[in-house]
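What follows is a single structure, written as structure tokens, with notes after it.
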Amino acid sequence: MPKVTFMPMNTTFEVKKDQSILDIALDHHVPLQHACGGFCACTTCHIIVKSGASALSPMEEEEQERLERMGILDDYSRLSCQSKVHGDVVVEVVNIDDH
Ligand code: FES
Numbered sequence: 244m245p246k247v248t249f250m251p252m253n254t255t256f257e258v259k260k261d262q263s264i265l266d267i268a269l270d271h272h273v274p275l276q277h278a279c280g281g282f283c284a285c286t287t288c289h290i291i292v293k294s295g296a297s298a299l300s301p302m303e304e305e306e307q308e309r310l311e312r313m314g315i316l317d318d319y320s321r322l323s324c325q326s327k328v329h330g331d332v333v334v335e336v337v338n339i340d341d342h
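Converting from the sequence shown to the working numbering requires adding 243 to each position, the first position being numbered 1.
Shown next, in the form of structure tokens:
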């Protein structure tokens with residue numbers, strides 16, 4: 244089973260393949276913001292991929308455009324709701340939900 248580690252919490256979970264990082268975070272009470280509910284319509288679920296980028300589903304056009312529009316399109320940024328896990332990854336939560 245793939246393992247996902249969330250930083251800066253430094254918590255690791257074994258997960259089912261093809262789950263999105265956002266769903267994994269919600270299942271495990273990781274405080275990751277998700278204003279649009281996972282529909283690629285905001286960027287609050289932004290994560291930085293620290294390792295294992297190739298173990299995530301490839302970025303699709305909609306996600307790319309959304310990141311581009313917000314000026315956060317780089318080699319490490321993804322939207323967690325659009326990133327499905329295929330192998331081990333380490334990600335950093337950018338917008339911690341403190342509500
Ligand atoms: S939750 Fe809004 S884009 Fe991911």
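Virtual Cβ for every residue (Gly too), placed ideally from N, Cα, C.
- Rounded to whole angstroms, the Cβ separation of G330 and G295 is 6 Å, and the two are in contact under 8 Å.
- A Cβ closer than 5 Å to some heavy atom of the ligand FES marks a residue here, and those residues are H277, C279, G281, C283, C285, C288, L322, C324.
- Contact between E304 and Q325 does not hold, since the beta-carbon distance rounds to 11 Å and is not under 8 Å.
- A straight line joining the alpha-carbon of F249 with that of D318 spans about 18 Å.
- Secondary structure note for L269: its alpha helix (DSSP H) is the uninterrupted segment 264-270.
- In the structure shown, E304 adopts helical secondary structure according to DSSP, grouped into three states.
- Counting only the Cα atoms, L265 lies some 10 Å from H272.
- In chain order, I264, L275, S320, R321, L322, S323, S326, V334, E335, V336, V337 place their CB closer than 8 Å to the CB of I290, counting only its own chain and leaving out the 5 sequence neighbours on each side.
- Following the DSSP letters along the chain, one finds M250 inside the beta strand (DSSP E) bounded by residues 246-250.
- Spatial neighbours of M252 in its own chain (CB-CB distance under 7 Å, excluding positions within 5 residues in sequence) are listed in chain order as V273.
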